[in-house]
Structure formats: C-alpha cells, structure tokens
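Here's the structure, in structure tokens; my notes come after.
Protein chains in written order, with this note's numbering: chain A, 82 to 448; chain B, 8 to 242.
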C-alpha cells in the first residue's frame, strides 16, 4: 500500500479567500491538525450550564428545592436512621400537593413543610415575606431562662468585653453571659476579662439563648480554657451529589490561647436554644476536664449551613459540612448536659435563677 | 504611521471595554446570573513580533433570574504569548504559539452566608493565535486583527463540592483544592476582533472581545460568558 507523504504540498483551491486560508495553513499541517483536534474536543465538551430545573413554576421550584437538597444536604442517612425520612418518598408526597395555579404563599407553605421533615434548624427557605423554618427543637421545649432574672445577677455594674457581659457575684464566683457568637470576639477581650475575674473561685459561662454565630468566636472563647492542644471532634463535607459522598473525617483540635487561660472549675449553662456555633462551643468545652455542663440539652445544629437559591429567587439554606464529637458521634440533635437542671417555679417567684444557683453550688463544692 | 511600523515595531496599547456578562458558579448558586448585567474591562498590551504580553482587569455585576440578588465578578490577569510560529503571506500575518496565563479573581454573592464568595486562581498554558490583515483605505493604513487563546493545561484552585472556606483556611483542611486543569475540564475560549485605524495623528482600536471561561472540577460548575465592545489607543 502506498504511504501518504504528509509533507507534500496540497493543491490550493482556486477561489480567492479559501486559497489565502489554505496558503496560510498548509505548511503547518501538524499544527493545524492538532489545533482542529483541540477545537473538536472543545466543542464536544463545551457549554457548562445549569443542571437544576430552571422553570419558575410551582413544580419547577419544588423540584429544584428537592434536587438541590438531595445533592447537597449532608444528613440524609442520619435523618433516615433517626427520623425515618425517605427523601424520595417526601418528594412524591409533596409533588401531589402542587397545583399549577397556586400562589407564592401556598407554594411557600408546601416547600416549608417539605424541608421541615428534616427537623434541622439550619434548613430554611428565605422569601421577602417569610422565613421557612423548623424551630421545634426549642419552641416545643422549656426555655429554662428568664431574661429579667438573669439580668438581675449582672446588675448595673457589669463589665462588657466585646459580646461578653461579666460580673463577680457575691460568693466570689465569676458570671459570664454570652448571648451571641455573632459579634467579633478577640483574644484580647477574653484575656482581659479573665484577668479581671482571676480572683474568683470558679466561673459560670451562661450561653442560654445563644443561637450561634461565628465558629471563630466560639473557638476563641473555648481556647482560653485549655492548656494543651486537645482533640474536640471531626469535620467532613460533601464531595459529590450522592447521599454518601463525603470527604474523610478531619480531626479538629482546640489550641490553647496564647494569653490568659482559666485554670479553675467552670460550669457552662445551656438550654435548648444553644444552637450551631454555640453547640460547637459546648462540644469543645465538654472535652475539658474541669468543665461541667449544666441545664438542658443543647439545640444541636452541627451542620455548617450553605446557601443556594430557587428559580423564583427564594434562598435555600441547608447543612453542608458535618461536625461530630471526638467519639465521632453526631451532635446534630444536641449535647446532653452533665447535670440536668430545669427552672424551678418557686425560684422564679423569688426571682432566683435555678440554673445559676445550681452552678454556684457545684463550683463551691469543687473548690 | 507607516504600514511597516504596524508589522515590525512593538505596539503598546491601552484598551477599555464594556459589555454584557453571564456568570454561573454552582458553589454560590445553581443558576446563571445574567440580568441587569454590565462588564467593564481594562487592558494594557504590548504586541511584538514574536511576543504578545498583557495585563488586564475586569469587573462585572449581574442579577439572578428573579432579579433579587446581585453578584460581583472581578479579576486580574497577566499573560505572555510566545508566537514561535510565524507566517506572512501578502497582507496576512499569522502567528501562533504557547501562552502563559495567570488569573486571580473572585465572585461575590451579596446574599449567601457561609459561602458568600468564590476565589479564582489559575495558571494555565494556553494556545494563542493571532491573524492580522493590513489594508489601505482613503490613503490611510488600517489593520484588522483577530486573536484567540484556548487554555490547554495548568493548575487551578477550587474548593471541594461542599467544602467551606472555614475548613480550608481556619482548620487547614486540604481536599484536592489544587486541581489539574486541562481543555476537557476547562473548555474555554477568549477571542477578539480589533480594527486598528488612524484618527487625529493617533492610532486607535475598536472591536469586540468575547470571553467564554468555563470549568467543571470538584463537582462544581462555572461559566463566565461576556461580550464586550472595546476601544483603545496606541501609547
């Protein structure tokens, strides 16, 4: 068989424009072929576009919500085991409730009911007129906190270090009220506060009603209660669309703060409203030897939330990154206290906070 | 300016552009942001016989399809092309060769909480080509220039599908965040058509700039399509 000589010049087309083009390209035979190969691959793989339903209709939005959660929510297996949630069955059930002519409020109600099946405070739908949520983890439970009574312990002459309010109580116990981890908290703030509280025999950290904020702030506060680097839990995230597509667990360590560190007994007071970053703070404090958790089980919320959206523009928040405790157990539904204490109505009548009083008693015993 | 100058002397030029943008990054949203959009470009370039260098900035802002959230896309890029293959036929001048392309940028979504932004960093080896056509009209010299580049291979930064920036930068958890990028998972094309013409003792440029940047790695999909009108002048 006759071999084709690739170096032979090809005859030029007669027409003007093509003739010029071939004249330019023909001496570059291999370059041209390589280029054409790349262009072919390029067009074969081109167009990286949307994969979720784009129709702004009741069905388009519900399907987009379901698929978005199906691909990205990180607790499906856990919720199936704990709550029996079958996400495919949920889809079928709620699709039947749709009607093409339903208005936004009706669609919102159905979408919210669908995500409420997951019983996750980090799963929300945000519309301009409402926030879809399931807060039953604390709304159905006793609050164990009366703001006016707790404030009476601080009085008027309390200190403020960023988001922390603090006071030395009459029995030489330090009381720190941490209402939120949303506000910036620095090592300087915590160190200065602990230096002032240093003469105290023990410390109460009251995080009741603290629904979370920044994990960095929670880390910062907890780091002042350990002298060594300790394992506090593990973190992992979704790596794909499958319910079990997860990265390997990565160990999380609590590093000691470089400045003032507390060495005496500590009681952390919790209630069901302790959620998200506060749940994480409690998880870290629970690993420390001189810390007692007192009050009610925390609210949980161990999944770091991400946001996406639906075709109609509503935001969708969902848990994307999983945080578990040092025993690799889920804390999505909360952390049990070491000492379970509920508010006593008799104490309330006397304007006493049962949980703070119990915490004081534990600290006095520990001294 | 003599016609020979266009072909042989290095041309330093400044270009500015404005146009439309269409950006999607599934780390931030599953949908394209392409409404109420505007893109601004600024580029400084030096065209030599065998080298084509440039630095540029771009900024774009656009809304989602419901028009209730805005995203901001911005970036800086530096590129150097070595036009090792060169052919001159009549009024056509064709160059081609490898190009190094460094891109640093980001995309910010004004609504998202723990995933409000996406950082972009890539260093790619591209295929670059440029064809120029010189012609005269009304006794003045003009030049039409078409150029394109296609990323072939390189490295790029990307978070994992559901990985937070908190894990990466506060906990130091690495999870394939430096990815091997190539023309199959980064099928992109940037091309441009420019007319170079004299006006009031100065050489000017007008034309079209099209960018089709795409990627799909770590389970995340991204595209940035833009069409811009360019105007510039020789320095």
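Virtual Cβ for every residue (Gly too), placed ideally from N, Cα, C.
By the 16-neighbour rule on beta-carbons within 10 angstroms, residue 353 of chain A is buried.
Annotation for residue 139 of chain B: no alpha helix (DSSP H) segment contains it, though the beta strand (DSSP E) segment containing it runs 124 to 144. Cβ neighbours of residue 196 of chain B within its own chain (closer than 7 Å, five residues either side excluded): 155, 157 and 219. DSSP, reduced to helix, strand and coil, places residue 120 of chain B outside both helices and strands of the structure shown, so it counts as coil. Here DSSP, grouped into helix, strand and coil, assigns residue 148 of chain B to strand. Pairing residue 432 of chain A with residue 233 of chain A gives a Cβ-Cβ distance under 9 Å.
Inclusion of residue 346 of chain A and residue 443 of chain A in the CB contact set at 9 Å is warranted, their separation being smaller than that value. By the rule that beta-carbons nearer than 9 Å mark a contact, residue 321 of chain A touches chain B. For residue 70 of chain B, DSSP records a beta bridge to B:42 and B:77. Taking a contact as a CB-CB distance under 8 Å, the pair residue 133 of chain A and residue 149 of chain A counts as one, their CB atoms being some 6 Å apart. A direct Cα-Cα distance of roughly 6 Å separates residue 192 of chain B from residue 224 of chain B.
Per DSSP, residue 230 of chain A has no beta bridge partner at all.
By the rule that beta-carbons nearer than 9 Å mark a contact, residue 137 of chain B does not touch chain A. When DSSP states are grouped into helix, strand and coil, residue 334 of chain A belongs to the strand group.
Counting along the chain, residue 192 of chain A sits inside the alpha helix (DSSP H) bounded by residues 185 to 197. Contact annotation: in the region 148 to 172 of chain B, residues whose CB is within less than 8 Å of a CB in chain A are 157, 159, 167, 168, 169, 170 and 171. Under a criterion of Cβ atoms nearer than 8 Å, the residues of chain B adjacent to residue 387 of chain A are, in order, 119, 120, 121, 122, 169 and 171.
Per DSSP, residue 238 of chain B is one residue of the beta strand (DSSP E) stretching across 227 to 241. DSSP places residue 297 of chain A in the helix class (H, G or I) of the three-state scheme. With its beta carbon at least 9 Å from every one in chain B, residue 345 of chain A lies outside the interface.
Boundaries of the alpha helix (DSSP H) around residue 158 of chain A: 157 to 164.
Separation of the CB atoms of residue 181 of chain B and residue 200 of chain B is rounded to 42 Å, and the pair is thereby denied contact status at 8 Å. For residue 177 of chain B, the neighbours in chain A by C-beta distance under 9 Å run, in chain order, 296, 297 and 300. One finds 174, 178 and 180 in chain B with Cβ atoms closer than 8 Å to the Cβ of residue 331 of chain A, taken in chain order.
Between residue 71 of chain B and residue 232 of chain B, the C-beta spacing is not below 9 Å.
For residue 80 of chain B and residue 113 of chain B, the gap between their C-alpha atoms comes out near 6 Å.
When A:159, A:388 and A:404 are compared, the shortest CA-CA separation from residue 318 of chain A is found for A:404.
When the alpha-carbon of residue 46 of chain B is set against those of B:17, B:149, B:230 and B:67, the nearest one is in B:67.
Between the alpha carbons of residue 281 of chain A and residue 427 of chain A lies a gap of roughly 28 Å. In the three-state scheme derived from DSSP, where H, G and I count as helix and E and B as strand, residue 445 of chain A is classed as helix.
A:251 is the residue among A:272, A:397, A:265 and A:251 whose C-alpha sits nearest the C-alpha of residue 445 of chain A.
For residue 203 of chain B, the enclosing beta strand (DSSP E) begins and ends at 196 to 206.
Within chain B, 167, 168, 169, 170, 171, 174 and 182 have C-beta atoms less than 8 Å from the C-beta of residue 318 of chain A, given in sequence order. Separation of residue 409 of chain A and residue 362 of chain A (C-alpha to C-alpha, rounded to the nearest whole angstrom) is 16 Å.
Buried is the label assigned to residue 392 of chain A, since at least 16 other Cβ atoms lie within 10 Å of its Cβ. The C-beta distance from residue 291 of chain A to residue 368 of chain A rounds to 19 Å, too long to fall under 8 Å, and the pair is not in contact.
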